[in-house]
Amino acid sequence: MIPATTAAEDLAFGLIHVVGLPALTEAAGAPLSPDDIAAIVAEADRFAREKVAPGWQEADRHGAVYENGAVRTPPHYPALYRDWIAGGWQSLPAPAAVHGVAVGGQGLPGALWNAVQELVLAADTSFALGPLLTAGAIDLLCHHATPRQAAAWLPPMIAARWSGAMCLTEPQAGSDLGALRARAVTRGDGSYAVTGQKIFITWGEQDCSENTLYLVLARLPDAPAGTRGISLFGAPKFLPDGRRNGIRCGGIERKMGIHASPTCVMLFEEAEAELVGEPHRGLAAMFAMMNNARLAVGVQGVAHGARALALAEAYAAQRVQFGVPIARMPDVARMLAEMRATTLAGRLLALEASAAGDRARLLGDAAAAARLALLTPVVKAWCTERGVENASLGIQVHGGMGFVEDTGAAQVLRDARIAPIYEGTNGIQAIDLVSRKLARDEGAAMRALLAEARGLDARLDAALDGLARATEAMLAAQARDANEAQAGAAAYLDAAGWVLGGWMLARARAADAARYGALAEFYLRRLLPRAAARCAEAEEGRAVLALLAG
Amino acid sequence: MKLLVPVKRVVDYNVKVRVKSDGTGVETANVKMSMNPFDEIAVEEAVRLKEKGVASEIVAVSIGVAAAAEQIRTALAMGADRGILVEHDGALEPLAVAKILKAVVAKEQPQLVILGKQAIDDDMNATGQMLAALLGWPQGTFASRLEIADGKATVTREVDGGLETVELRLPAIVTTDLRLNEPRYASLPNIMKARKKPIETLKPADLGVDPSPRLTVLKVEEPPKRQAGKKVASVQELVDKLRNEAKVI
Ligand SMILES: Cc1cc2nc3c(=O)[nH]c(=O)nc-3n(C[C@H](O)[C@H](O)[C@H](O)COP(=O)(O)OP(=O)(O)OC[C@H]3O[C@@H](n4cnc5c(N)ncnc54)[C@H](O)[C@@H]3O)c2cc1C
Ligand SMILES: Cc1cc2nc3c(=O)[nH]c(=O)nc-3n(C[C@H](O)[C@H](O)[C@H](O)COP(=O)(O)OP(=O)(O)OC[C@H]3O[C@@H](n4cnc5c(N)ncnc54)[C@H](O)[C@@H]3O)c2cc1C
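Chain order of the listed sequences is A and B.
Per the numbering used here, residue 130 is the first one in the first sequence, and the count goes up by one each step.
Per the numbering used here, residue 119 is the first one in the second sequence, and the count goes up by one each step.
Below is the structure:
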């Protein structure tokens with residue numbers, strides 16, 4: 130039998146015993162003890178389970194409602210959002226001060242924030258997306274805001290009284306942001322007027338936060354074409370004198386899932402805005418925080434697996450067919466074990482990536498920065514693919530009741546399906562991994578990672594050898610023909626995910642064999658072999674190109 | 119005015135409790151543990167009294183394994199000022215806990231001790247009453263409302279027949295019922311502040327108390343499984359079954 134644990138306990142275990150957060154924070158001079166970490170995770174878990182989770186189906190049924198330019202979220206959201214503010218959770222990863230100005234952050238590690246996010250996302254993804262986008266905006270402003278902007282915008286955002294919205298996408302500019310057209314002209318007083326249409330803006334308009342700061346990508350009049358001519362602007366919904374800025378919501382989308390998260394068309398009509406960072410350097414600024422935002426979406430995949438698993442385990446324990454609870458049937462046990470194993474693997478891999486980010490930021494560790502860059506696309510794409518797959522398995526465990534909305538199993542799948550798409554589609558992640566992250570150092574960071582993972586388990590070592598060969602093949606393909614590398618990239622990324630997931634479970638087993646040994650063994654015997662098939666596929670990019678040529 | 123709030127580490131209320139296979143007790147290894155929910159209500163009430171300016175200091179005390187420091191930290195994050203952990207590994211009966219608390223009261227001199235009316239693990243409903251008896255203090259148990267003024271506590275109690283209001287001279291003992299308040303969630307900034315609040319660790323022997331059990335547990339077993347219900351065809355049949363099978367009328 131695999132000992133039952135909850136997401137919160139696994140997160141605390143992962144932070145403390147697998148990625149070594151106590152030692153990392155000690156080295157950085159602000160030590161967090163195992164007890165501190167466990168206490169923070171446990172309280173976040175309580176908030177997520179007792180406050181956020183109970184309304185998640187009601188939120189889905191009600192959805193966000195658009196009326197005359199205003200958006201009403203589900204009736205319990207405004208009060209829940211006040212509870213979120215009172216909990217002070219938004220302040221977790223933000224610094225205490227920026228440019229010497231106190232902004233109210235707790236300055237805690239990104240890996241701990243990752244854990245808190247997973248718990249809240251699993252409780253109600255639609256709700257959690259608001260604070261998640263705000264965290265992304267805070268992160269960006271901490272790096273690029275002027276002292277005056279930081280003083281004006283960061284304290285209310287870190288207190289969660291203001292939310293943040295990220296405005297990149299336009300109808301003709303999705304994956305290809307170089308095609309965006311929103312314009313900004315100077316108003317002569319140092320500020321700018323932004324005009325344009327943005328679509329798909331998460332939490333762009335809602336009735337929870339008292340103000341919203343929009344971070345908008347737009348072009349200055351003298352801007353070069355393409356991605357090098359994009360600047361970043363900050364514009365509040367309500368201006369300091371209380372006037373409504375020239376920003377309105379033109380409508381919201383009807384979607385497959387995350388019904389309660391308003392996905393807004395935002396119209397900027399000479400909106401008063403300030404330049405954030407350097408002119409024409411907006412996309413670079415945006416990409417600087419992309420790692421965090423992409424990891425956060427990977428964490429969504431883990432959260433969906435965790436929610437699907439919790440529902441499926443409870444159902445399988447009490448549903449009797451053929452005289453026994455179905456949890457005891459070999460094929461149902463198989464499904465539950467796959468869900469448990471891939472969810473835990475993804476959870477630990479996401480913690481590993483964010484801990485690398487912490488090592489890079491807190492200790493100035495350049496190798497850790499390269500590790501974070503390499504792992505980010507893997508976490509984003511592999512974890513969200515597993516999230517969708519596990520949500521589907523969760524339905525399967527429920528049989529016919531999984532297809533019926535009442536159980537919530539169907540909602541998990543509907544909510545999970547967006548994660549492989551936004552914040553850079555998984556196709557774009559794969560290209561990022563192969564054509565940028567591998568190519569830019571000719572595989573050095575990947576080779577270092579594969580070498581480090583060796584020696585825990587013979588089966589894992591064999592899979593690492595296979596991935597090492599596929600890595601050389603991808604580098605050779607990239608040198609020959611970038612299209613060939615791109616055609617193999619998704620399979621290569623998936624292979625890397627399966628192998629690195631095995632590495633994380635082998636590390637969990639090494640830390641506590643009684644607790645994780647059986648699950649790690651299941652993964653290494655049953656799931657890790659998938660990596661070999663994906664490596665073989667990755668090396669056949671030319672089979673796709675043959676079809677394109679025809 | 120100083121308040122003492124005892125907090126107990128128990129199996130989390132969400133966990134399905136399992137009896138150990140050898141029948142000696144309840145499985146607690148690898149099980150999620152939390153603060154007894156009635157004690158959370160006690161901490162909340164104390165913090166509200168402090169916020170109203172009635173109380174000046176709140177001391178949270180836990181008696182049990184070293185890990186019970188976690189429950190003290192929770193109380194500190196909710197707003198208690200400092201903690202005392204009386205560390206003891208073995209079984210603890212209400213009388214032993216009451217004796218230890220009596221010694222802590224002698225050391226701390228609080229004006230009011232607020233306890234949960236019972237712990238959700240053993241449902242004893244005894245510690246508060248025993249402590250009141252040992253101290254010779256007045257007690258207001260099952261409180262659903264508490265008011266402090268002029269050296270007196272006015273306690274509204276939930277009793278079988280409805281609500282009873284009693285007035286107690288301080289110092290006194292109050293035990294909490296579910297409807298007294300809704301405990302707050304600890305905020306992240308308060309969790310961080312709680313790390314710096316002191317926790318003093320003692321042993322029962324330091325307080326001159328011998329906590330060894332006075333009772334012997336013979337056996338712990340699961341409650342009998344509920345039988346499936348039966349459908350009856352008529353009121354007559356129902357009355358007949360109530361009279362002759364269930365023998366309740
Ligand atoms: C619910 C929701 C919320 C969103 N929230 C926000 C938000 O808050 N802010 C914001 O700015 N945007 C947001 N978006 C937009 C989201 O980021 C985009 O949908 C995403 O970037 C994909 O762009 P697209 O939809 O235009 O798809 P397209 O770019 O048209 O892509 C279609 C397909 O083509 C593939 N493709 C495109 N280019 C390439 C290439 N070069 N190589 C290989 N394959 C390629 C993609 O992988 C994809 O499979 C949101 C979208 C949704 C649905
Ligand atoms: C939209 C819809 C339309 C339907 N239409 C009809 C209809 O027209 N007529 C009709 O009669 N029925 C209909 N059904 C019922 C459908 O055929 C059943 O839902 C299906 O057979 C599964 O049964 P179940 O839902 O009771 O799941 P369960 O039997 O409880 O199965 C739950 C899970 O346990 C697994 N499981 C069960 N037993 C075993 C075992 N021995 N070994 C391994 N795994 C096991 C299953 O594979 C599944 O994953 C419909 C259902 C739906 C949702």
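Even glycine gets a Cβ: it sits at the ideal position worked out from N, Cα and C.
Since this is a predicted model, take the numbers as computed values, not measurements.
Cα-Cα separation, residue i to residue j
| i | j | result |
| --- | --- | --- |
| residue 184/A | residue 390/A | 14 Å |
| residue 486/A | residue 191/A | 38 Å |
| residue 635/A | residue 153/A | 21 Å |
| residue 542/A | residue 441/A | 13 Å |
| residue 350/B | residue 364/B | 14 Å |
| residue 309/A | residue 324/A | 12 Å |
| residue 122/B | residue 149/B | 28 Å |
| residue 654/A | residue 335/B | 45 Å |
| residue 130/A | residue 529/A | Per-residue confidence for residue 130/A stands at a pLDDT of 48, beneath the threshold of 50, marking its modelled position as unreliable; no derived number is given. |
| residue 550/A | residue 320/A | 34 Å |
| residue 394/A | residue 231/A | 34 Å |
| residue 578/A | residue 239/B | 48 Å |
| residue 165/A | residue 499/A | 29 Å |
| residue 198/A | residue 326/A | 15 Å |
| residue 362/A | residue 312/A | 11 Å |
| residue 173/B | residue 152/B | 26 Å |
| residue 416/A | residue 181/B | 52 Å |
| residue 158/A | residue 240/A | 16 Å |
| residue 354/B | residue 348/B | 14 Å |
| residue 140/A | residue 431/A | 11 Å |
| residue 532/A | residue 518/A | 15 Å |
| residue 288/A | residue 178/B | 29 Å |
| residue 562/A | residue 622/A | 7 Å |
| residue 215/B | residue 220/A | 40 Å |
| residue 227/B | residue 233/B | 16 Å |
| residue 558/A | residue 397/A | 30 Å |
Residues sharing a beta bridge with residue i, DSSP
| i | result |
| --- | --- |
| residue 204/A | Answer is none; residue 204/A lacks a bridge partner. |
| residue 318/B | 202/B |
| residue 340/A | 291/A |
| residue 234/B | 294/B |
| residue 377/A | 396/A |
| residue 327/A | 395/A |
Rounded distance between the beta-carbons of residue j and residue i, thought under 8 Å
| i | j | result |
| --- | --- | --- |
| residue 652/A | residue 526/A | That pair is no contact at about 19 Å. |
| residue 154/B | residue 128/B | 5 Å |
| residue 392/A | residue 382/A | 4 Å |
| residue 329/B | residue 322/B | 5 Å |
| residue 118/A | residue 471/A | This structure cannot settle anything about residue 118/A, because the visible part of chain A is limited to 130 through 679. |
| residue 120/B | residue 175/B | 5 Å |
| residue 327/B | residue 190/B | No, residue 327/B and residue 190/B are not in contact; Cβ-Cβ is about 19 Å, not under 8 Å. |
Any non-hydrogen atom of ligand 3 closer than 7 Å to residue i Cβ
| i | result |
| --- | --- |
| residue 296/A | Ligand 3 is not among the ligands present in this structure, which contains only ligand 1 and ligand 2. |
In chain order, what residues of the stretch 283-308 of chain B put their CB closer than 9 Å to some CB of chain A?
Against chain A - using a Cβ distance shorter than 9 Å - the residues of the stretch 283-308 of chain B are 302, 303, 304, 305, 306, 307, 308.
Relative to chain A, which residues along the stretch 184-195 of chain B have a C-beta separation below 8 Å, given in chain order?
Closer than 8 Å at the C-beta level to chain A, one finds these residues of the stretch 184-195 of chain B: 187, 188, 191, 192, 195.
Closer than 7 Å, Cβ to any Cβ of chain A: which residues of the stretch 310-334 of chain B, in chain order?
Of all residues in the stretch 310-334 of chain B, 310, 313 have a Cβ within less than 7 Å of some Cβ in chain A.
Are the stretch 302-313 of chain B and the stretch 169-179 of chain A touching, with three or more C-beta to C-beta distances below 8 Å?
yes
Name, going along the chain, the residues of the stretch 130-153 of chain B whose beta-carbon falls closer than 9 Å to a beta-carbon of chain A.
Cβ proximity to chain A below 9 Å picks out 132, 148, 150, 152 from the stretch 130-153 of chain B.
The stretch 336-349 of chain B contacting the stretch 188-208 of chain A, beta-carbon criterion three pairs below 8 Å
no
Of all the residues that make up the stretch 271-301 of chain A, which are near chain B by a beta-carbon distance shorter than 9 Å?
Those residues of the stretch 271-301 of chain A that come within reach of chain B (Cβ to Cβ, closer than 9 Å) do not exist; the list is empty.
Segment contact flag, the stretch 310-319 of chain B with the stretch 272-284 of chain B, C-beta cutoff 8 Å, min 3 pairs
no
Taking beta-carbon pairs under 8 Å, can you tell me which members of the stretch 206-218 of chain A lie near chain B?
Interface annotation for the stretch 206-218 of chain A against chain B: 212, 215, 216, 217, 218, criterion Cβ-Cβ distance under 8 Å.
Count the C-beta pairs between the stretch 509-516 of chain A and the stretch 578-590 of chain A that are closer than 8 Å, then say yes if the count reaches three, no if not.
no
Should the stretch 400-409 of chain A be called in touch with the stretch 468-485 of chain A, which here means at least 3 C-beta pairs below 8 Å?
no
Check whether the stretch 338-352 of chain A and the stretch 284-296 of chain A are in contact - that is, three or more C-beta pairs closer than 8 Å.
The answer is yes - the stretch 284-296 of chain A touches the stretch 338-352 of chain A, with three or more Cβ pairs under 8 Å.
What are the residues in the stretch 225-253 of chain A lying within 7 Å of chain B by C-beta distance?
Within the stretch 225-253 of chain A, the qualifying residues are 235.
Determine which residues of the stretch 542-571 of chain A have a Cβ less than 8 Å from any Cβ of chain B, and write them out in chain order.
Across the stretch 542-571 of chain A, no CB contact with chain B closer than 8 Å is found for any residue.
Could you check whether the stretch 418-425 of chain A touches the stretch 264-284 of chain A, counting it as contact only if at least three pairs of C-beta atoms, one from each stretch, sit closer than 8 Å?
Verdict: yes, contact present.
Does the count of Cβ pairs from the stretch 196-211 of chain B and the stretch 661-670 of chain A closer than 8 Å reach three?
Contact fails: fewer than three Cβ-Cβ distances are below 8 Å.
Closer than 9 Å between beta carbons: that is the criterion. Which residues of the stretch 487-514 of chain A meet it against chain B?
Result list empty, no residue passes.
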